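Asker: One structure, as structure tokens, below. Some questions next.
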Amino acid sequence: MPPIGNDMSGTSWDHPSMNDQGTDIAPGVSTHSVGIAGAERLSLAVIWAYSIPRIGFGILGILFATYLMKFATDVLLIAPAVMGTLLAASRLWDGASDPLIGYLSDRTRSRFGRRRVWLFWAAIPTGLGMVMMWSPPNTLDATWLVIWMGAGLLLYETASTGFNIPHGALGVELTPNYHERTRLYGYSHMIGAIGTILGLGALHLMNIAEDKRQFAFELSLVVGALVALLILGSTRMLPERLDYQGRGGQHAVKSFLDVFRNPHARLLLIVFGVETFGAASIGLMVPYIVEYVIPMRDLMVPLLLVYIVPQFVLTPLWIVLARRYGKKNLWLLGMLGSAGAFFGLFWLEGTGPLIWIYAFGAGLAAGIGAVVAPAIQADIIDYDEYTTHERKEGAYLAVWNLVRKSAASVTALVMGISLQLAGFEPNVEQTEAAKLTMRALFGLLPAACYVIGAILFLRFRFNEAEHAEIRRAIADR
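All residue numbers for the sequence shown refer to the numbering used here, where the first residue is 1246 and numbers rise by one.
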């Protein structure tokens, strides 16, 4: 485990720097860093260094989101309810690991920084977990197969949490600027598109592979190694703020209670949980929809491309519009657009042009949330510093991650049980009840959740002016 304590001996810090306006900028912690942490304007080198692990995660991430459930039920022949329970259990395990890692990350003191040391430790276990999930040995019987998949999910979820929480916290710390955070997360989203598109190619090859287990094994070996290498390389190059070490929450329980005492965070958590509960069903249901409801399995990858490409291509537009019209207004538009698109998809039964139009609209709307939501999250952490005098990004990221994974785990459980109760049988023609269940999980559930989330989000009040006032108050202390 990374060191927790006050020993700063042997630390090799960069010297403090000045920004373009002549004000002090917190130094980066790495002598190999490609820029300065805490800058009002981030260099493209820093953005690339921060974002490049998303390429590796994106390759298997698209398979995890859209194919793992179907791989388990149709290839490994694990019952839907059993696999749904495994997915739910692995994510609920994060209910313990997320807060623990978030708190410890805030409290870590190391010559590598309080965030980067966790990234180094998480790299190889994350890659190994990826391999395990997709490579169960052929010799396992049904019981041991379930145990293997459960262990693989547990390893991956734990290791990826050890990466995601500190990495997300580091992103918050890279810049305090209200609009620069939108730029950081926007371009990070675009860079992640490289992995997502490669993942779609892998998904297509998986669909046409005669021996899907062998292909999954080979793919997971390559991508698992790639993810580990990208994390290690990225971490070596990233800067990190020196002045934030030692400013984490002093008490674990109080740290997390502070998150819920923050009125802006509390509302955002509710919105995030409701939205994720619905959105999680989308990726899980796509393979079932194109296989059993709308006969277009061979077009699944093109359909996903139509959904995914606008998310990334239009990112520069969302960055501009967020500055002009406000992050809140833009995200509200995205939620309502998503609701309309998925409500329309529920009614479709054929392969006409409407399915492509709705998929494009859903992707366009989803891209807004992917850019704006993390920037809003970062801003309200500054409000916590204003009220508590602490910097506990790890605690905030842990709670958000916990809400996201808990909501997604409930969705996976509901989906697995619903399919089984509806009479789902793999690799055969489905009953009308099973088809209706699939369409409802794919269309009505996310549409309803997006509408509820938008209504709740109307109450959000932390805007650019309030953020600027908070920053001035902190600077004047």
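By construction, the Cβ of each residue, glycine as well, lies at the ideal position given by its N, Cα and C atoms. Nothing here was measured: the structure is a model prediction, and the numbers come from that model.
What separation, rounded to the nearest whole angstrom, lies between the Cα atoms of R1486 and L1477?
Answerer: Their backbone Cα atoms lie some 19 Å apart in a straight line.
Asker: Using a Cβ-Cβ cutoff of less than 6 Å, which residues in the same chain neighbour W1363 once the five nearest sequence positions on both sides are dropped?
Answerer: P1247, S1350, G1407, P1411
Asker: Per the contact definition of three or more C-beta pairs closer than 8 Å, is the segment 1494 to 1506 in contact with the segment 1354 to 1372?
Answerer: no
Asker: How would you label G1597, buried or exposed, when you count the other beta carbons within 10 angstroms and need 16 or more for buried?
Answerer: exposed
Asker: Give me the Cβ distance between A1447 and L1308, rounded to the nearest whole Å; I'm assuming they're in contact under 8 Å.
Answerer: 6 Å
Asker: Suppose you measure from the CA of Q1266 to the CA of L1337; what does that come to, to the nearest Å?
Answerer: Because the pLDDT at Q1266 is just 41, under 50, the model does not fix this residue reliably, and the point stays unresolved.
Asker: Kindly indicate which three-state DSSP category T1353 falls into: helix, strand or coil?
Answerer: strand
Asker: In whole angstroms, give me the CA-to-CA distance for I1621 and G1612.
Answerer: Rounded to whole angstroms, I1621 to G1612 spans 15 Å at the Cα level.
Asker: Excluding the 5 residues flanking L1516 on each side, which residues of the same chain have their C-beta closer than 6 Å to its C-beta?
Answerer: Reading the sequence as shown, one finds Val at residue 1516 and not Leu. Around V1516: G1698, L1701, F1702.
Asker: Which term fits L1450, buried or exposed, when burial requires 16 or more other beta carbons within 10 angstroms of its beta carbon?
Answerer: exposed
Asker: What separation, rounded to the nearest whole angstrom, lies between the Cα atoms of L1599 and F1591?
Answerer: Cα atoms of L1599 and F1591: separation of roughly 11 Å, rounded to the nearest angstrom.
Asker: Determine the closest residue to E1638 out of L1686, G1491, M1683, N1708, with distance taken between C-alpha atoms.
Answerer: Considering only alpha carbons, the answer is G1491.
Asker: Output the distance between the C-alpha atoms of L1690 and G1582, rounded to the nearest integer angstrom.
Answerer: 15 Å
Asker: On the three-pair Cβ rule with 8 Å, is the segment 1359 to 1374 touching the segment 1411 to 1427?
Answerer: Verdict: yes, contact present.
Asker: Is the number of C-beta pairs between the segment 1339 to 1350 and the segment 1431 to 1445 that are closer than 8 Å three or more?
Answerer: Here the segment 1339 to 1350 does not lie against the segment 1431 to 1445, with fewer than 3 beta-carbon pairs under 8 Å apart.
Asker: I need the DSSP call for F1687, collapsed to helix, strand or coil.
Answerer: helix
Asker: Taking C1694 as the reference, give the member of F1588, R1481, V1320 with the closest Cα.
Answerer: When each option's Cα is compared against that of C1694, the closest is F1588.
Asker: From I1715, R1649, A1567, L1681, pick the residue whose C-alpha is nearest to that of L1664; which is it?
Answerer: L1681
Asker: How big is the Cα-Cα spacing for T1371 and F1707?
Answerer: Roughly 36 Å between the two C-alpha positions.
Asker: Whole angstroms is fine: what's the gap from A1461's alpha carbon to A1640's?
Answerer: 35 Å
Asker: In the DSSP assignment, find the unbroken alpha helix (DSSP H) run with V1558 in it and report its ends.
Answerer: 1545 to 1558
Asker: Does DSSP classify D1488 as helix, strand or coil?
Answerer: coil
Asker: Between I1539 and L1429, how many whole angstroms is the CB-CB distance? I'm expecting something under 8 Å.
Answerer: Between L1429 and I1539 the Cβ distance is about 38 Å, and since that is not below 8 Å, they are no contact.
Asker: Determine the contact status of L1419 and Y1295, defining contact as a CB-CB distance below 8 Å.
Answerer: Less than 8 Å separates the beta-carbon of L1419 from that of Y1295.
Asker: Where L1513 and E1455 are concerned, what is the direct C-alpha to C-alpha distance, given to the nearest angstrom?
Answerer: 45 Å
Asker: By the 10 Å Cβ neighbour count, where 16 or more other Cβ atoms means buried, how is A1618 classified, buried or exposed?
Answerer: buried
Asker: By how many angstroms is the C-alpha of R1649 removed from the C-alpha of W1576?
Answerer: 17 Å
Asker: If contacts are defined as beta-carbon pairs under 8 Å, then L1724 and M1314 qualify, I think. What distance do you get, rounded to the angstrom?
Answerer: Nothing can be reported for residue 1724: it is not among the residues displayed for the chain, which extend from 1246 to 1722.
Asker: Is it true that the CB of I1527 sits closer than 8 Å to the CB of M1683?
Answerer: no
Asker: For A1473, does the count of other Cβ atoms within 10 angstroms reach 16, so buried, or fall short, so exposed?
Answerer: buried
Asker: Please state whether the Cβ-Cβ distance between I1304 and L1443 is less than 8 Å.
Answerer: yes
Asker: How close, in whole Å, do the beta carbons of A1333 and L1658 come, if the pair is a contact with beta carbons under 8 Å?
Answerer: 4 Å
Asker: Take Y1631 and list the residues in its own chain whose beta-carbon comes closer than 7 Å to its own, dropping the five residues that flank it on each side.
Answerer: Taken in chain order, the residues that qualify are I1715, A1718, I1719.
Asker: The alpha helix (DSSP H) that contains H1496, what's its start and end?
Answerer: Here H1496 belongs to no alpha helix (DSSP H), and DSSP marks it neither H nor E.
Asker: Quick check on N1646: does DSSP put it in helix, strand or coil?
Answerer: helix
Asker: Between the Cα of G1614 and the Cα atoms of R1511, K1572, L1502, which residue gives the shortest distance?
Answerer: K1572
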